[in-house]
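J.: What follows is a structure written as structure tokens; I'll ask about it next.
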Amino acid sequence: MTASSTSKQEAEETFRFTPRTDPTTFEVLRHRLWQINDEQGKTLLNMSGSQIATEANDFNIGISDAEGNLVAVGPYILVQMASLSMLIQSVIRVVGDNVAEGDVFLCNDPWFGAVHQNDVCVLAPFFWEGRIAAWTASVIHQVDVGGGAPGSWCHEATDTYQEAPRYRFLRVVREGVLQQEVVDTYLTNSRTPDLLNLDLRAQIGSAKATIERLGELFARYGGDTVFATMQDMLDYSEVLLANKLKSIPEGEWLSDCYLDHDGRSECTHRYALKLRKDADGLTFDYTGTDPQLPAFINSPFAGLFSATYVGVLVYLCADIPWNSGVMRRVKIVSEEGTLNNASFPAAVSGSLESIWNSVNAVCAALGKMLCLSDEQRESAMAVWQGSTLVYTLFGTNQHGEKFGTWMISSSLGGAGARTFGDGHDNAGSLMAPRYSCINVEHAESLYPILFLYRQRAQDSGGPGLWRGGVSADHAITPHGTDEIAVGVTSSGSDHSHTLGLVGGYPGSGSVVRVARGGMPDGGQKVIPAEWDEVGGDKEVLPPKVRLTLKSGDVFSTIPHGGGGYGDPLNRDPSLVLRDVVDGIVSLDGALEYYGVVLNGEPVGVNQQATVAHRSKVRHSRIGEASDTELAQAAVDHGDGIIWKNGYWMCGACHADLGPIGQNAKQSCAHHYRPLSAAGPLIAMRTSGDSKKFQLSEYSCPSCGTLLAVDQSLKTMDGHWHDIRQI
Amino acid sequence: MSQGTVKMTSTSDGAIAGDTYIVSTDSGGTFVDAVILDGAGNLMIGKAPTTPDDPPIGILSAVGAAAERAGLDLNTVLKRCAMFLNGTTVTTNAMIERTGARTGLITTHGFEDTLIIGRVRSRWVGLDETALADFKNVERPAPVVPRSLVRGVSERIDCFGEVIVPLDLGEAENAVDELVSQGIESLAICLLWSFVNAEHESAIAALARRKYPDLYVVSSGDLVQSMGEYERANTAAVDAYLGPTLSRYLSRIGSSLNDAGYEGELLVMQSIGGLAPASGLLQAAVTTLQSGPSGGIVAAQKLGEQIAEPNVITADMGGTTLDVGIVVDGRPQTAKTSVMARNLLLVPAVEAISIGAGGGSIAWLDSASALHVGPQSQGSRPGPACYGRGGTLPTVTDADVVLGYINPDRFLGGGMELHADLARETIRTHIADPMGLSVEEAAQAIYDIVNAHMADLVRSVTVGRGFDPRDFAIVAFGGCGPTHCTGFGPDCQPRRIIVPPAAPVFSALGISQSDIKHFNTRTFVRPVGKDETSRTELLSEVDTHFDELVALTTSQFEQEGIPPERRHFVRAVDIRYRKQVHELTIPVATSGGMDSTVLARLLDDFVGAYERIYGAGASIAAADIEFANLRVEGVAKVPRILETPKSDQQPASPMAAHLGKRKVWWRHLGGFRDTDAFQLEKLACGNRIEGPAIIESYGTSIPLHPGQSAQVDEWLNLVIEGTPADPRRATGALTAEPSKDEKMRVEA
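From first to last, the protein sequence lines stand for chains A and B.
Heads up, this note's numbering is the position in the first sequence plus 64, with the first residue counted as 1.
Heads up, this note's numbering is the position in the second sequence plus 88, with the first residue counted as 1.
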């Protein structure tokens with residue numbers, strides 16, 4: 065299963081785009097098709113009831129040509145974007161000619177493109193002159209579609225039969241008539257049928273509106289002109305990406321990510337990626353990824369395709385219209401039967417775990433690749449918040465009614481550092497340009513909980529020349545109810561999923577914790593405003609867990625901070641001071657991670673002591689006595705290991721790191737350090753010293769600049785050869 | 089200004105004595121626009137450059153210019169001025185340039201990061217899709233209160249309004265002291281659930297005001313009683329941040345007006361499209377953030393009343409943006425929240441959706457040689473290449489000049505020289521040559537593309553909200569609106585396109601036609617039960633809340649000296665289906681108490697509105713309905729001068745307004761043609777002009793394409809009808825066939 069490269073041209077030439085119509089028509093109609101899709105999104109948002117769609121924008125919409133190539137997609141959840149294109153291609157394949165004008169289909173089958181069963185897609189054909197001329201589709205993440213666990217993420221499932229029912233293109237509307245018995249069958253399997261009903265109506269309503277708009281467009285401009293524009297849109301995006309790829313050197317970049325909990329037990333499973341850039345474009349080769357498991361975290365190919373798509377769009381298409389055209393320059397290689405290309409009937413309700421890990425791998429590899437392009441380096445970022453971190457709450461609310469909801473913690477995570485600035489703090493997700501978190505008051509009005517605090521998490525951004533974005537911690541306790549059933553899904557608890565770039569450290573890991581009886585006695589009239597003030601019996605929980613919160617218990621989650629960029633010893637001390645004043649880096653952290661000595665009242669940078677301390681650390685990295693003269697950096701800060709004229713060299717002082725055929729890391733000074741060297745919120749279950757992972761640090765032997773920080777398995781020998789010229 | 093009340097020199101029916109004036113001013117970024125209306129209904133207009141360092145100078149110069157054109161002198165006008173009105177960008181500028189007061193925030197301990205986290209969405213709110221796709225550059229704007237000036241206090245109230253942790257007033261006092269010692273000029277206070285139980289918040293506000301009388305103190309619940317601590321805190325913080333700036337501005341203008349002979353109070357335009365006396369705004373600076381745009385929409389609404397067009401689309405195109413608003417059934421559409429300078433605010437505003445499509449919008453080719461227009465703009469400095477101020481990139485205005493739509497010799501009444509050669513040169517270098525087009529073809533493409541963006545925005549604002557643009561008239565104003573309305577307008581198939589005579593000062597005109605308005609809102613989430621008992625309980629609760637909201641609004645009117653007979657109150661409820669998030673605001677059809685008939689009507693209206701927006705059959709009969717917010721709008725009519733129709737004028741030949749012929753590019757005629765040009769100001773009621781023609785006025789210019797005609801109505805509006813040609817002609821696919829839509833319309 066690959067999206068193949070269609071056109072090959074000489075590498076030297078700049079690809080030009082010549083529309084089939086003319087430049088004005090192309091620009092006018094392209095804009096209008098986007099406008100129609102935008103209206104589809106607005107209609108859906110207005111009609112949808114679920115907090116997931118309307119608050120977190122966990123949905124997406126798209127319009128495709130008759131073959132299922134997406135020409136316009138919404139800027140909502142990006143993972144669902146690729147999924148939409150696969151779903152449309154599947155419906156075309158499955159229903160064949162058995163389609164009539166006015167039909168609307170529903171599908172949530174992961175083997176037909178859905179990311180997991182919760183993502184319910186509604187598709188409708190648009191007819192022009194008696195033939196299907198386009199498809200419109202929308203997908204919304206549903207709170208619960210049935211199955212073994214509230215929320216439909218079935219931690220204990222070993223195959224998909226134990227999960228929520230899968231619907232394969234149910235015809236919910238037949239020639240304009242709602243098929244109530246079909247809808248009822250779909251609804252009755254859910255624990256939250258009324259929410260599903262509202263969303264289904266929203267999806268049908270927005271499909272109807274879109275088809276009307278398309279009808280007006282075709283009537284006005286003629287079918288041939290619109291068809292031609294749709295193909296032009298695909299070509300246009302492809303050409304823009306092809307031109308951009310020309311400024312990136314050919315090579316191979318490896319990245320590995322790990323799953324530390326499969327839903328039933330803690331584990332270590334690998335997602336492997338080798339990214340190759342050559343004259344044809346990009347190849348994402350996932351060969352080497354571990355086999356699928358009898359656990360709910362597998363993802364079918366749709367998820368892998370989506371993960372790849374997300375990385376390509378975010379890292380390479382900031383200025384390119386998002387549609388299927390870009391994927392013509394992207395090839396995906398993967399073995400079926402693996403974690404992110406699982407065969408039926410694998411359990412897949414928690415597929416987002418595998419997808420998120422795949423996204424992390426894609427982003428890590430793209431970041432390394434872009435750092436080696438002078439023109440495109442600005443687009444490189446370290447890895448963003450790296451795991452699902454959501455929890456479900458089910459029980460009886462403060463008004464005595466049954467309730468169920470998803471609380472999305474991951475939206476509070478940090479973004480990966482950039483090559484020109486810190487990562488965005490509390491950034492939302494790379495998978496969603498419009499992420500959001502709920503107001504405390506809104507959550508407390510709907511659910512029987514009281515928030516103790518919600519605040520940015522100190523030292524959670526991966527240290528670096530530019531630090532990763534910080535995450536946030538929040539804690540809740542039951543309020544107005546006796547107990548609440550909680551189900552948590554996350555990963556990255558015994559290491560970090562947010563790797564740094566070119567010497568930047570990983571961001572903080574995922575943290576889930578409970579304090580039994582953590583609230584003070586009612587008579588005390590105080591509420592702890594940070595975790596350290598919470599009492600009771602505290603425990604750091606595994607990343608996937610079910611528990612019951614009783615009155616007085618306190619539950620807290622912290623998603624990942626973003627990965628850092630570059631050697632933190634090169635960070636401007638005044639920025640470290642600013643972060644300390646703002647409370648997002650601790651005083652100890654300033655010294656420990658950045659080598660900055662702060663003292664005085666009000667606190668200020670001790671320049672002399674800082675210079676001395678940083679020099680000492682650089683010397684110790686390369687095992688030199690502290691009075692040895694180190695090479696002077698030729699540039700303020702490097703971009704890690706770079707290549708020039710057939711040799712690797714240090715980006716800071718340009719010291720020779722060996723011929724291009726070798727692994728440059730072999731020429732570097734090397735140290736293993738515990739994960740806690742990156743921050744206090746990594747591997748908290750084992751107090752920062754993961755049993756399985758360690759940091760592998762590579763420094764320039766001449767100037768002592770940190771050039772690469774790998775997070776590697778303790779069982780791994782040798783130096784990871786992750787950057788190669790071909 | 090000393091009395092702090094609104095001077096009402098008129099009779100209670102709002103008429104104004106014959107020898108008095110209403111003076112309305114709109115201070116924009118570049119110009120102050122002024123309108124003087126005399127008791128006989130005559131309109132005088134003037135413009136003068138904005139003087140940001142000393143605002144009264146620009147304002148008085150603009151009024152002076154208008155007076156002068158009518159042979160009056162400024163002092164006479166001000167001495168006989170019944171009301172002086174101002175729309176201002178002073179708060180908008182302070183927000184964009186971040187020059188507001190040093191502001192502190194006190195909030196519930198544990199939630200000090202609420203503003204900086206900004207619900208995550210503070211990073212992207214107010215950005216369009218193109219910007220959003222560039223993840224690395226979507227930066228969160230710094231909150232107006234830096235984190236170092238936020239203090240938490242121990243206290244906690246829950247969702248039922250119950251006190252879980254009592255307020256530690258000593259701690260609060262320390263927090264205030266500490267912030268004052270940090271040099272704050274303003275203080276915002278926002279505690280969790282203060283809109284349900286204001287006890288703690290009020291106690292801190294009282295303490296701060298007592299101890300520091302000069303401190304500008306804003307308590308979130310006094311501004312807005314809505315759920316959602318981030319938006320409430322941000323609204324309070326922005327209000328506190330802007331308060332001192334607005335207050336200084338108002339007092340400078342007030343005293344300058346007093347010195348110049350005006351004795352009444354200054355009235356200021358608010359975002360919601362209503363006025364407020366300057367004294368009333370001292371605690372509500374945040375309501376003036378979209379003061380200007382709302383004026384244009386009010387003017388369009390009044391214009392619609394005059395000419396029996398209850399549904400109006402406003403197209404205000406200036407140098408950098410196109411702002412589109414709509415009036416439906418005679419009411420401007422408003423939004424419950426607004427976004428200003430990328431800040432989400434719980435302030436209702438007349439809705440004007442903006443895109444980067446203005447005269448200064450840049451035309452450019454991307455790496456694949458595809459042509460785009462905007463959203464980047466050259467603004468007014470350096471401006472389009474033809475301004476000759478150093479701008480080198482091709483813009484929309486340059487294209488308009490190349491095509492001959494704008495006369496380079498008579499721009500701003502000849503007050504500013506345009507360089508057609510520079511316009512041609514930049515379009516040739518950047519667009520025409522690389523694309524292999526002639527300069528005129530390239531200019532035509534720029535004109536067509538920006539028009540398509542404008543038509544798309546109009547569709548988004550109407551169709552996206554469930555309205556059909558074919559039921560609307562388009563009113564075009566601003567410097568570039570009239571120049572492009574004949575291009576994009578027909579694409580939306582409106583009933584007709586109107587360019588009003590006051591187009592260059594339309595917002596100022598609208599301000600002169602506005603009423604005093606105050607809004608108060610309270611979050612009130614309750615299901616509407618099915619049985620009588622629960623409904624009766626609900627209604628009595630609703631009555632109590634409405635009474636309180638009316639009392640609050642009344643006290644605002646009382647402070648302003650508005651007599652009881654002028655006060656009107658409109659109640660409304662935000663209603664939604666249970667478990668849905670989006671609600672519709674439905675007016676309550678009574679000014680008295682709620683009863684079961686009123687409720688039934690309210691629910692019917694909700695279902696009707698819901699189906700109109702989301703399509704017939706979209707409502708869910710079985711689903712429960714709930715109330716979300718209660719709203720009270722207080723309206724006080726102010727004295728008003730109405731313009732009089734000019735139908736009594738002799739219908740002269742349009743040739744009286746003829747300016748001669750000049751060369752204009754008409755694609756449909758195959759190139760440049762000698763074209764008649766007319767002076768808009770000299771056209772009289774009943775005049776009719778057939779395209780191709782150019783109609784020029786002070787401040788704008790209207791190309792009338794072949795196939796279009798313009799008729800001057802009794803209000804001297806230019807009413808444009810007809811379609812220039814099917815847009816497909818632009819594609820080279822020339823066809824005389826009307827589109828299917830047009831056919832259907834003709835048959836209908």
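We put the beta carbon where it would ideally sit given N, CA and C, even for glycine.
If you're wondering where the values come from, they're calculated on a predicted model, not measured in any experiment.
Could you work out which residues of chain B lie near GLY876/A, taking near to mean beta carbons separated by less than 8 Å?
T.: Residue 876/A is absent from the model: chain A starts at 65 and stops at 790.
J.: If you run the structure through DSSP and keep just helix, strand and coil, what is TYR569/A?
T.: Reading the first sequence from its first residue, position 505 is the one you call residue 569/A. Correct three-state label for TYR569/A: coil.
J.: Excluding the 5 residues flanking HIS633/B on each side, which residues of the same chain have their C-beta closer than 7 Å to its C-beta?
T.: In the second sequence, counting from the first residue as 1, residue 633/B sits at position 545. Here HIS633/B has ARG610, PHE612 and LEU718 as same chain residues with Cβ atoms under 7 Å from its own Cβ, once five neighbours each way along the sequence are excluded.
J.: Are any of the Cβ atoms in chain B nearer than 8 Å to that of THR88/A?
T.: Counting from 1 along the first sequence, the entry for residue 88/A is found at position 24. Output row for THR88/A: interface = yes.
J.: Report buried or exposed for THR196/B, applying the criterion of at least 16 other Cβ atoms within 10 angstroms of its Cβ.
T.: Your numbering for residue 196/B matches position 108 in the second sequence. Buried, by the Cβ-count rule.
J.: Assuming contact is defined by CB atoms lying nearer than 8 Å, are CYS764/A and VAL208/B in contact in what I supplied?
T.: The residue labelled residue 764/A in the question sits at position 700 within the first sequence. The residue labelled residue 208/B in the question sits at position 120 within the second sequence. Taking 8 Å as the Cβ cut-off, CYS764/A and VAL208/B do not qualify as a contacting pair.
J.: Which of the residues in the stretch 401-414 of chain B, read from start to end, lie with their CB under 9 Å from any CB of chain A?
T.: none
J.: Determine, for GLU699/B, whether the minimum Cβ-Cβ distance to residues of chain A falls below 8 Å.
T.: Sequence index remark: in the second sequence, residue 699/B carries index 611 (1-based). Chain A, which has no Cβ nearer than 8 Å to the Cβ of GLU699/B, makes this no.
J.: Using a cut-off of 9 Å between C-beta atoms, extract the partners of PRO254/B located in chain A.
T.: Looking up residue 254/B in the second sequence gives position 166. Result: LYS589.
J.: Going by alpha carbons, who is nearest to PRO744/A out of VAL303/A, SER572/A, GLN356/A and TRP784/A?
T.: Within the first sequence, the letter at position 680 stands for residue 744/A. Closest option to PRO744/A, Cα to Cα, is SER572/A.
J.: Rounded C-beta distance between TRP530/A and GLY630/A? I'm assuming under 8 Å.
T.: Position 466 of the first sequence, counted from the start, is the residue given in the question as residue 530/A. Position 566 of the first sequence, counted from the start, is the residue given in the question as residue 630/A. So it is a contact: roughly 6 Å between Cβ atoms.
J.: Is the shortest distance between the beta-carbon of ASP596/A and the beta-carbons of chain B less than 8 Å?
T.: Position 532 of the first sequence, counted from the first residue, corresponds to residue 596/A. Judged by the 8 Å Cβ criterion, ASP596/A is not in contact with chain B.
J.: Note the first and the last residue of the continuous alpha helix (DSSP H) segment covering TYR285/A.
T.: Stepping through the first sequence from its first residue, residue 285/A is reached at position 221. TYR285/A -> alpha helix (DSSP H) spans 257-285.
J.: Report the neighbours of TRP852/B on chain A: residues whose CB is nearer than 7 Å to its CB, in chain order.
T.: Only positions 89 to 836 of chain B appear in the structure, and residue 852/B is not among them; the question remains open.
J.: Using only CA atoms, which one of VAL669/A, GLU193/A and GLN181/A lies nearest to GLY211/A?
T.: Here residue 211/A refers to the residue found at position 147 of the first sequence. Comparing Cα positions, the closest option is GLN181/A.
J.: So what does DSSP say about TRP217/A, is it helix, strand or coil?
T.: If you number the first sequence from 1, residue 217/A lands on position 153. It is coil, neither helix nor strand.
J.: Are the stretch 462-478 of chain B and the stretch 406-413 of chain B touching, with three or more C-beta to C-beta distances below 8 Å?
T.: Yes, they touch.
J.: Which residue from HIS506/A, GLU597/A, ILE204/A and SER554/A puts its Cα closest to that of LEU453/A?
T.: Within the first sequence, the letter at position 389 stands for residue 453/A. Minimum Cα distance to LEU453/A is reached at SER554/A.
J.: Can you tell which of ALA744/B, LEU792/B, VAL527/B and LYS605/B has the C-alpha that lies nearest to the C-alpha of HIS656/B?
T.: Counting from one through the second sequence, the residue named residue 656/B turns up at place 568. Measuring from the Cα of HIS656/B, the nearest candidate turns out to be LYS605/B.
J.: Skipping 5 residues on each side, what residues in its chain have a beta carbon closer than 8 Å to that of PRO231/B?
T.: Translated into positions along the second sequence, residue 231/B becomes position 143. The residues are LEU203, ILE204, GLY206, SER210, ASN322 and ALA325.
J.: Are the CB atoms of SER610/A and GLY551/A nearer to each other than 8 Å?
T.: For the purposes of this step, residue 610/A is taken as the residue at position 546 of the first sequence. For the purposes of this step, residue 551/A is taken as the residue at position 487 of the first sequence. As written in the sequence, residue 610/A is Arg, which differs from the Ser given in the question. Against a cut-off of 8 Å, the Cβ pair of GLY551/A and ARG610/A comes out as a contact.
J.: Using a Cβ-Cβ distance cut-off of 8 Å, determine whether MET542/B contacts chain A.
T.: On the second sequence, position 454 is the one that residue 542/B refers to. Chain A, which has no Cβ nearer than 8 Å to the Cβ of MET542/B, makes this no.
J.: For a contact meaning CB atoms closer than 8 Å, what does GLU200/B contact in chain A?
T.: Residue 200/B sits at position 112 when you count from the first residue of the second sequence. In chain order: GLN519.
J.: Kindly indicate if chain B contains any beta-carbon less than 8 Å away from that of ARG195/A.
T.: On the first sequence, position 131 is the one that residue 195/A refers to. Closer than 8 Å: no.
J.: Between GLY525/A and chain B, is the shortest Cβ-Cβ distance under 8 Å, so that the two count as touching?
T.: Counting from one through the first sequence, the residue named residue 525/A turns up at place 461. It does not: the Cβ of GLY525/A has no partner Cβ on chain B nearer than 8 Å.
J.: If we ignore side chains and look at the alpha-carbon of each, how far apart do VAL246/A and THR469/A end up?
T.: Translated into positions along the first sequence, residue 246/A becomes position 182. Translated into positions along the first sequence, residue 469/A becomes position 405. Approximately 25 Å between the Cα atoms of the pair.
J.: For the candidate residues THR176/B, LEU148/B and CYS247/B, whose alpha-carbon lies nearest to that of TYR511/A?
T.: For the purposes of this step, residue 511/A is taken as residue 447 along the first sequence, with counting starting at 1. Selected option, being the one with the closest Cα: CYS247/B.
J.: Quick one: Cα of LEU771/A to Cα of GLY715/A, how far?
T.: Locating residue 771/A in the first sequence gives position 707, where the first residue counts as 1. Locating residue 715/A in the first sequence gives position 651, where the first residue counts as 1. Straight-line Cα distance between these residues: approximately 8 Å.
J.: Indicate whether at least one CB of chain A lies closer than 8 Å to the CB of TYR665/B.
T.: For the purposes of this step, residue 665/B is taken as residue 577 along the second sequence, with counting starting at 1. Yes, TYR665/B counts as interfacial toward chain A.
J.: Please list the terminal residues of the continuous alpha helix (DSSP H) segment that includes SER382/B.
T.: The residue labelled residue 382/B in the question sits at position 294 within the second sequence. Following the DSSP letters along the chain, one finds SER382/B inside the alpha helix (DSSP H) bounded by residues 379-394.
J.: Spatial neighbours of THR422/B within its chain, please: CB distance less than 7 Å, with the 5 preceding and 5 following residues excluded, ordered by chain position.
T.: Numbered from its first residue, the second sequence carries residue 422/B at position 334. Same-chain partners within the cutoff: ILE360, PRO436, ALA437, VAL438 and GLU439.
J.: From HIS333/A to GLU417/A, what distance separates their C-alpha atoms?
T.: Indexing the first sequence from 1 puts residue 333/A at position 269. Indexing the first sequence from 1 puts residue 417/A at position 353. Each residue's CA atom was taken as its position, placing HIS333/A and GLU417/A some 12 Å apart.
J.: At 3 residues or longer, and completely inside the stretch 473-523 of chain A: list those beta strand (DSSP E) runs for me, N to C.
T.: The DSSP assignment places complete beta strand (DSSP E) segments of no fewer than 3 residues inside the stretch 473-523 of chain A at 513-520, in order along the chain.
J.: Might you give, ordered along the chain, the residues of its own chain that have their beta carbon closer than 6 Å to the beta carbon of ILE701/B, omitting 5 neighbours on each side?
T.: Indexing the second sequence from 1 puts residue 701/B at position 613. Here the set comprises GLY554.
J.: Spatial neighbours of THR180/B within its chain, please: C-beta separation below 6 Å, excluding the five flanking residues on both sides.
T.: Locating residue 180/B in the second sequence gives position 92, where the first residue counts as 1. Answer for THR180/B: LEU377, listed in chain order.
J.: Between ARG244/B and the rest of its own chain, which residues show a CB-CB distance below 8 Å, the 5 nearest in sequence each way excluded?
T.: For the purposes of this step, residue 244/B is taken as the residue at position 156 of the second sequence. So the qualifying residues of the chain are THR196, VAL251, ILE252, VAL253 and LEU280.
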